[in-house]
Amino acid sequence: MEFTKLTSPSLKELFIRELEKMILSGKLPIGEKLPPERELAKSMQVSRAVVNSGISELARKGFLNIKPRIGTFVADYRRNGTMDTLISIMNYNGGILRKSEIRSIIEIRIAFDSLAVELCIPTITDEEINNLKNYVNQIEETNSPEEASELAFEFHHELAFLSGNTLMPMIFSSFKTPILSLWERFCRLHGLETLRKNTTTLFKYIEQRDSAKAIEWLKTSLNDIIDGSTQIYY
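Spelled out as structure tokens, the structure:
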């Protein structure tokens, strides 16, 4: 068994984690102005360079709003956040997403996956179908929820790429962390066999080049996660 090498977080990482924790816990409410960088550096016993770079990173992640010559304010991260914001929320909650966030991710997947299937099936080649089949076969063979989740992600990412929409695979990749987390939870709650069935059935319709049935199956299986028999809420 291999163990992950442990590394100590930098002062910048510790600064970011602390401010994220204060924002997500409500100790720093939305709209509140942060103290000047000099005061933050003194109170948290770090350099101004750490504070400055940390604040810039937090602004990029959607947690802070920097107004030149006015100050830095806690941003409405749920309204203006990024995928990095969602990942920070997951980390703060111990990897757990709220019901509304899980539902939102699945709803986006319904829209994206349906469009990917609709666009790729009219032009998909036998070679591309065989590439998809390799993912299906590997999912059938593995007994690891983590590996199965990674393979399922790669299967759907390949569909996004085959759609011909140049933005879709990049957007899909941005959701990788929460999607993998939810698929692993799905496998643990409902078994690898259910994931295998969902993927195999979708592939069968793609192989038959039947867009209508493929999209119908996608919507059925994903809606079942939202409010059916395979829910994954915490």
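Here the UniProt record's numbering is used: the first residue of the sequence shown is 1, the next is one more, and so on.
For glycine and all other residues, C-beta sits at the position ideal for the given N, C-alpha and C.
- Here DSSP, grouped into helix, strand and coil, assigns Thr194 to helix.
- Where Leu151 is concerned, there is no enclosing beta strand (DSSP E), although the alpha helix (DSSP H) around it starts and stops at 145-162.
- DSSP, reduced to helix, strand and coil, places Gly54 within a helical segment of the structure shown.
- In the DSSP annotation of this structure, the continuous segment of the alpha helix (DSSP H) that includes Thr220 starts and ends at 211-227.
- Under the three-pair Cβ rule at 8 angstroms, the region 131-142 does not count as touching the region 92-111.
- Checking the DSSP bridge columns, you'll see Leu97 has no partner listed.
- Here Phe3 carries a coil assignment [DSSP, helix/strand/coil].
- Ile66 is bridged by DSSP to Thr72.
- DSSP, read as helix, strand or coil, puts Lys176 in helix.
- Phe3 is classed as exposed because its beta carbon has fewer than 16 other beta carbons within 10 Å across all chains shown.
- With respect to Leu195, Ile105 sits apart: the two C-beta atoms are not nearer than 8 angstroms.
- The alpha-carbon separation between Ser221 and Pro35 amounts to approximately 49 angstroms.
- Taking all protein chains in view, the Cβ of Met168 is crowded by 16 or more other Cβ atoms within 10 Å, so the residue is classified as buried.
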